[in-house]
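Engineer: First to last, the protein sequences are chains C and D.
Basically this note's numbering = 1-based index in the first sequence + 109.
For the second sequence, position 120 matches number 108 in this note's numbering, and the numbering has no gaps at all.
From the three backbone atoms N, C-alpha and C, an ideal C-beta is built for every residue, glycine too.
Here the structure is a predicted model, which means the values were calculated and not measured.
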Amino acid sequence: MEQRARSLSVHLVLFAYSVLAVGPILLVVMNSFKTRSAIFGAPLAPPDAATFTLVGYEKVFRSAHILTYYANSLIVTLVSMALVLLFGAMAAWALTEYRFRGSTALALFLSIGIMVPIRLGSVAILNMMRSLGLNDTLTALILVYVAQGLPMSIFILSEFIQQIPKDLRDAARCDGVPETRIFFEVIAPLLRPAIATVAVFTIVPIWNDLWFPLILTSSDSTHTVTLGVQQFLGQYITDWNSVLAALSMAILPVVAIYVILSRQLIAGLTSGAVK
Amino acid sequence: MANLRIENLSKRYGSTAVLNDINLHIEDGEFVVLVGPSGCGKSTLLRMIAGLDGASGGDIHIAGKLVNALAPAERGIAMVFQSYALYPHMNVRKNMTFGLKFTGVPPKERERRVAEAARMLRLEELLERYPRDLSGGQRQRVAIGRAIVREPAVFLFDEPLSNLDAALRVSTRVEIANLHRMLKSTIVYVTHDQVEAMTLADRIVVMNRGHIEQVGRPLDLYYAPANLFVAGFIGSPAMNFFEARVERLDAGRACVAGHGFLAFEVPAGSLKPGDMLTIGVRPEHLGCHEHSALAVEGVVELVERLGESSFAYLRRADDKLFVAEVRGRETPTPGERAKLTAAARDVHIFDASGLRVPTQNDA
């Protein structure tokens, strides 16, 4: 009896949290299918036969640049993720496996990167990109996001690498496997759950970021989705149908990636806790 | 196939010495077991032979070649780990061939070697399985197979049986012995289990606190341990020790006496009157003998029955315990007073520094 009560209260808390987390998203998606007057008239009501419309989506697709924005977001996110994972795993392996001059200092330096938000350096970054001739390019965004994602990914991957038995590495060395192949063919395959975890933690903030596209990109050809949506927000009139439709569409890729990685992700989050 | 020569090898971590001036010559085809309590440096020594740990000083020669600066794969060794260390994401066949790719073995030759190792180790049925689908004994055989396909000059085994259950340990031990007979290769084998050491080894190296206590054939270690440590380490239950001193010298014979046992005589050798000695007798050598050299008395306190024999724990008059093995169906009863004797050749004598004093049976 007591156990049921406890389980009930736990579920209540979880349910409340889910409502809090999913509610706004649901609201955005729901209202994206409603007429403008219905959005303002009854914001909490689901669309019905009278209020249902696809006008927002039509406008978004008619707008010439939305596909470019999408492509830009995908390119920036996926390239950044790939680089963060590759360099993160390699750096984590080097920092846990090899003792070299300055390795401790380097690890400390990287952990500072976790604590200090990269946005503090916005002005310096903007100046740097300008003098490199990289302002208004996707490369600039990718470089910033890689720098932003690396410290945390190195931190998480180091923890996982430490859990891999040292005997495996020794066995591979006795077998004559070169060090780079030990990393790519013995260690990396065992890091799959950790890599999935890091991938999700890396992708979500990059995809959702508004700040760096806002300061580093200026032309339509380099805008990302989150920035592109802003053009529907006017000083006097806001085209809510289009804004909500574009935002709903922006959610899709993240959800898709999460679904793909979720099996690995759950294994990654719980491994170590459960032996 | 090769011999292995270790000269003045030492290993220090900071100021702590883990291995001290190790010298060891292993002949071609010899099965040598390194044995000792945990922390004695035996695994470190093995890892240094493998090239996984560097040395702080000294040389290692494999097949006459100085290998100090060579990587593990270039030393012509193969190692079998306690945890098996199979690559979890590769099937058995891939586990065995993975390393060969990098050492320039052509694909056809790889297949031949895997087939042969699989036949030898009865792994044919398992070649496509993954390590997670194998039992402990099967994993152990795969790990050995992975070592065999490398066709190494020296096999290194690091406590390969300690993760197996008791029954499997015995059968795998026999398999390893058979394997050595078939391959005729040089093997260095680390264990803390003296039964493994005694049954498998051509020669045993007993290590303690980073140095070698004694090197010898199994029965030599058992019948003529060089010092107190080896005497106490080899044999189970451990050898009984009694304190004694040399009472007097008499026509080339020394009369040795001590608490709880009757005085007896040994060849004097270099003994002087007043020397403190330790007398050692194995539990299995205490019994009732006609011409006994040594007799101990005690009250039976506890009896452990094993079936074919029992171990009796007896308390002497000076309150010290000793153990005697009693064979057969009759077991002593606790509280009983008993007088046990040992033959002269089964009495070991050690001097004050713990070194063996030669007696007549050492000749």
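Taking all protein chains shown into account, decide if phenylalanine 161 (chain C) is buried (16 or more other Cβ within 10 angstroms of its Cβ) or exposed.
Structural biologist: That one is exposed.
Engineer: Just the chain C side, please: which residues come within less than 7 Å of tyrosine 118 (chain D) by C-beta, in chain order?
Structural biologist: Per Cβ cutoff of 7 Å: no residues; tyrosine 118 (chain D) is ~12 Å from chain C at best.
Engineer: Give the list of continuous beta strand (DSSP E) stretches no shorter than 3 residues that lie fully inside the stretch 37 to 123 of chain D.
Structural biologist: DSSP runs (the beta strand (DSSP E)) wholly in the stretch 37 to 123 of chain D: 45 to 50, 65 to 68.
Engineer: Excluding the 5 residues preceding and the 5 following glutamate 272 (chain D) in the sequence, name in chain order all residues of the same chain whose CB lies nearer than 6 Å to its CB.
Structural biologist: The answer, listed in chain order, is Glu313.
Engineer: At what residue ranges does the stretch 201 to 283 of chain D contain a whole run of the alpha helix (DSSP H), taking only runs of 4 or more?
Structural biologist: Listed in chain order, the complete alpha helix (DSSP H) runs (minimum 4 residues) inside the stretch 201 to 283 of chain D are 206 to 211, 216 to 221.
Engineer: Starting from serine 298 (chain D), follow the beta strand (DSSP E) in both directions and report where the run begins and ends.
Structural biologist: 297 to 303 is the span of the beta strand (DSSP E), which, as asked, contains serine 298 (chain D).
Engineer: Report buried or exposed for glutamine 272 (chain C), applying the criterion of at least 16 other Cβ atoms within 10 angstroms of its Cβ.
Structural biologist: Looking at its Cβ environment, which holds fewer than 16 other Cβ atoms inside 10 Å, glutamine 272 (chain C) is exposed.
Engineer: What residues from chain C crowd round isoleucine 50 (chain D), counting only those whose CB sits closer than 8 Å?
Structural biologist: Here the premise fails: no neighbours, minimum Cβ distance about 13 Å.
Engineer: Which residues in chain C sit within 8 Å of alanine 73 (chain D), going by Cβ to Cβ distance?
Structural biologist: Pro274, Asp276, Leu277, Asp279, Ala280, listed in chain order.
Engineer: Report the three-state DSSP secondary structure of methionine 195 (chain D) (helix, strand or coil).
Structural biologist: Methionine 195 (chain D): strand per DSSP, three-state reduction.
Engineer: Tell me whether isoleucine 221 (chain C) is buried or exposed, calling it buried when 16 or more other Cβ atoms sit within 10 Å of its Cβ.
Structural biologist: Exposed, by the Cβ-count rule.
Engineer: If we cut at 8 Å on Cβ distances, does methionine 195 (chain D) have a partner in chain C?
Structural biologist: By this cut-off, methionine 195 (chain D) is not an interface position.
Engineer: Please report the straight-line C-alpha distance between alanine 147 (chain C) and tyrosine 126 (chain C), rounded to a whole angstrom.
Structural biologist: Cα to Cα, the separation comes out at about 28 Å.
Engineer: Please state if the CB of valine 188 (chain C) and the CB of isoleucine 251 (chain C) are separated by a distance shorter than 8 Å.
Structural biologist: It is a contact, given that the beta carbons lie within the stated cut-off.
Engineer: For a cutoff of 8 Å on Cβ pairs, would you count histidine 180 (chain D) as touching chain C?
Structural biologist: For histidine 180 (chain D), the answer is no, since every Cβ of chain C falls outside 8 Å of its Cβ.
Engineer: First and last residue of the alpha helix (DSSP H) that includes glutamate 318 (chain D)?
Structural biologist: Note, glutamate 318 (chain D): premise wrong, no alpha helix (DSSP H); not H, not E.
Engineer: Using a Cβ-Cβ cut-off of less than 8 Å, list which residues of the stretch 206 to 232 of chain C approach chain D; keep chain order.
Structural biologist: Flagged: no residues at all.
Engineer: In this structure, does DSSP put threonine 160 (chain D) in helix, strand or coil?
Structural biologist: Helix at threonine 160 (chain D).
Engineer: May I ask you to report which of helix, strand or coil DSSP gives leucine 121 (chain C)?
Structural biologist: Helix at leucine 121 (chain C).
Engineer: So that I know if they touch, is there some Cβ in chain D lying closer than 8 Å to that of leucine 299 (chain C)?
Structural biologist: For leucine 299 (chain C), the answer is yes, since a Cβ of chain D falls inside 8 Å of its Cβ.
Engineer: With burial defined as no fewer than 16 other Cβ atoms inside 10 Å of the residue's Cβ, what is the status of lysine 384 (chain C): buried or exposed?
Structural biologist: Because lysine 384 (chain C) carries a pLDDT of 33, less than 50, the predicted location of this residue cannot be relied on, and no value is offered for it.
Engineer: Mind listing the chain D neighbours of glutamate 290 (chain C)? Cutoff is C-beta to C-beta under 8 Å, in chain order.
Structural biologist: Here residue 290 (chain C) is arginine; the residue named in the question, glutamate, does not match the sequence. Correct list: Phe90.
Engineer: By a C-beta neighbour count over all protein chains shown, 10 Å radius and 16 as the cutoff for buried, is valine 183 (chain D) buried or exposed?
Structural biologist: Valine 183 (chain D) is exposed by the Cβ-count criterion.
Engineer: Looking at C-alpha atoms only, which residue of D:Pro140, D:Leu167, D:Ile(-6), D:Phe69 is the closest neighbour of alanine 106 (chain D)?
Structural biologist: The residue with the shortest Cα to Cα distance from alanine 106 (chain D) is D:Leu167.
Engineer: Which runs of the alpha helix (DSSP H) spanning at least 4 residues fall entirely within the stretch 170 to 235 of chain C, listed in chain order?
Structural biologist: Here the runs fully enclosed are 175 to 206, 212 to 224.
Engineer: Are the beta-carbon atoms of glycine 286 (chain D) and leucine 302 (chain D) separated by less than 8 Å?
Structural biologist: For glycine 286 (chain D) and leucine 302 (chain D), yes; Cβs fall inside 8 Å.
Engineer: State yes or no: is the C-beta of threonine 331 (chain C) within less than 8 Å of the C-beta of leucine 247 (chain C)?
Structural biologist: Taking 8 Å as the Cβ cut-off, threonine 331 (chain C) and leucine 247 (chain C) qualify as a contacting pair.
Engineer: In this structure, what does DSSP give as the bridge partners for isoleucine 251 (chain C)?
Structural biologist: DSSP, once it has assigned bridges, lists no residue as partnering isoleucine 251 (chain C).
Engineer: Going by Cα to Cα distance, which pick from D:Leu54, D:Gln70, D:Val162, D:Ala165 is closest to glycine 64 (chain D)?
Structural biologist: It is D:Leu54.
Engineer: At a Cβ threshold of 8 Å, is valine 286 (chain C) touching chain D?
Structural biologist: It does: the Cβ of valine 286 (chain C) has a partner Cβ on chain D nearer than 8 Å.
Engineer: Since glycine 17 (chain D) contacts threonine 174 (chain D) with CB under 8 Å, what's their CB separation in whole angstroms?
Structural biologist: Between threonine 174 (chain D) and glycine 17 (chain D) the Cβ distance is about 6 Å, and since that is below 8 Å, they are a contact.
Engineer: Indicate whether at least one CB of chain D lies closer than 8 Å to the CB of valine 255 (chain C).
Structural biologist: No, its Cβ sits nowhere closer than 8 Å to a Cβ of chain D.
Engineer: Cβ atoms of alanine 280 (chain C) and alanine 73 (chain D): under 8 Å apart, would you say?
Structural biologist: Their beta carbons are under 8 Å apart, which means alanine 73 (chain D) touches alanine 280 (chain C) by this criterion.
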